Each structure stands twice: as C-alpha cells, then as structure tokens.
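Going by numbering that gives the first Met the number 0, the first residue of the sequence shown is number 0, and it counts up by one from there. For each residue, glycine too, the CB sits at the ideal point set by N, CA and C. If you're wondering where the values come from, they're calculated on a predicted model, not measured in any experiment. Structure first, then comments.
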Amino acid sequence: MASEAVFISQVPNVRFDPGQIVMTHGVSALVQQGRLNPSACLRRHLGGDWGDLDDSDRRQNDAALKSGKDRLFSAYEVGPDLKVWVITEWDRSVTTMLLPSEY
C-alpha cells in the first residue's frame, strides 16, 4: 500500500484516487518477462489520458470523472498486437490492469 502511495505522489496531474491498484495474471506475466512496464499505462490513466478509445468512450470517462458514478476505462496499445486495459471501479476502490482476453 505504501508503494502505491509513493507511485501516485509521483504522477503529475492525478485526476482521481485509483484505490487499490492490482493486475491480472496475464499482465503480471508480461511484467515479469520484461515485455510491459505498467507504470506508463497507470500514469496515463491517472492523468485522464484514456488512450486508444473512440470519442464516445472518452466522453463517458470524462462524465464519470465528474460525477463519480461510473467506472473509468482506458485502453493502451503497448506493442505490436499487445493491448492493455485499465479499469477503475465506479466507487474508485480498485484499479485493475488486464489484458482484453482476461475481461
């Protein structure tokens, strides 16, 4: 928990509290293999850069950020044929990094 607080404090322009930050087994495996640095995706997500979403999804996130009544969703193309999703629950209790195949 302390490491999450340190990480968050180092992110410029944090727009919301992510709650507990977790990753799925698939994302963890990519991190262990050196194929993914999760910090870049988390920084973008916490700063309100929703990544590779269409305008409708971006507007939904922006509205959810203001209302606090819906989840926040980001999608990032992090390599050839490799996409990572980041989802923060509507109550901002948990932020999960996952692969689309794990949804």
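What's the gap between the Cα of ALA1 and the Cα of ASN36? Here residue 1 refers to the residue found at position 2 of the sequence shown. Here residue 36 refers to the residue found at position 37 of the sequence shown. Low confidence applies to ALA1: its pLDDT is 47, below 50, so where it sits in the model is not reliable enough to give any reading.
Over what stretch of residues does the beta strand (DSSP E) that includes LYS82 continue unbroken? Along the sequence shown, one-based indexing puts residue 82 at 83. Per DSSP, LYS82 belongs to the beta strand (DSSP E) from 81-87.
For ALA74 and LYS65, which I take to be in contact (beta-carbon distance under 8 Å), what is that distance rounded to the nearest angstrom? Counting from 1 along the sequence shown, the entry for residue 74 is found at position 75. Counting from 1 along the sequence shown, the entry for residue 65 is found at position 66. About 21 Å separates the two Cβ atoms, so there is no contact after all.
Please name the residue or residues paired with ALA39 in a DSSP beta bridge. Residue mapping note: residue 39 aligns to position 40 of the sequence shown, counting from 1. Per DSSP, none; premise fails for ALA39.
Run of the beta strand (DSSP E) containing SER73, from where it starts to where it stops: Within the sequence shown, the letter at position 74 stands for residue 73. Here the beta strand (DSSP E) through SER73 covers 71-78.
Note down the Cα distance separating ARG14 from GLN32, rounded to an integer number of angstroms. The residue you call residue 14 lines up with position 15 of the sequence shown. The residue you call residue 32 lines up with position 33 of the sequence shown. Approximately 30 Å between the Cα atoms of the pair.
With DSSP as the reference, label GLN19 as helix, strand or coil. Indexing the sequence shown from 1 puts residue 19 at position 20. GLN19: strand per DSSP, three-state reduction.
If I measure Cβ to Cβ from GLU101 and keep anything under 6 Å in the same chain, skipping five residues before and after, which residues do I get? Here residue 101 is taken as the residue at index 102 of the sequence shown, counted from 1. Excluding sequence neighbours, GLU101 sits near THR23 and GLY25.
Is LEU97 helix, strand or coil by DSSP? Along the sequence shown, read from residue 1 onward, the residue named residue 97 stands at position 98. The answer is strand: DSSP assigns LEU97 an E or B state.
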